[in-house]
């Protein structure tokens, strides 16, 4: 779940208000949220490379891994 949250906080397709609502689930301190948002703006990405992102390609790569499980 934390990986998803980290990816959502740096996703360029999600507005800052929604990111703040996500972070409010983990901290109630407005100061902490401001610090996290400031740090996030410096991060380009966590786990998903959002530049030239191709959802279909990513899903196909994920699906092909199931054969080896």
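Residue numbers (this note's numbering): 3 to 71. The C-beta atom is built at its ideal place from N, Cα and C for all residues, glycine as well.
- Under the three-state reduction of DSSP, residue 62 is assigned to helix.
- Rounded to the nearest angstrom, the gap between the Cα atoms of residue 40 and residue 22 is 12 Å.
- Secondary structure note for residue 40: its alpha helix (DSSP H) is the uninterrupted segment 32 to 44.
- A Cβ-Cβ contact shorter than 8 Å links residue 26 with residue 35.
- In this structure, the alpha-carbon of residue 58 lies about 25 Å from that of residue 20.
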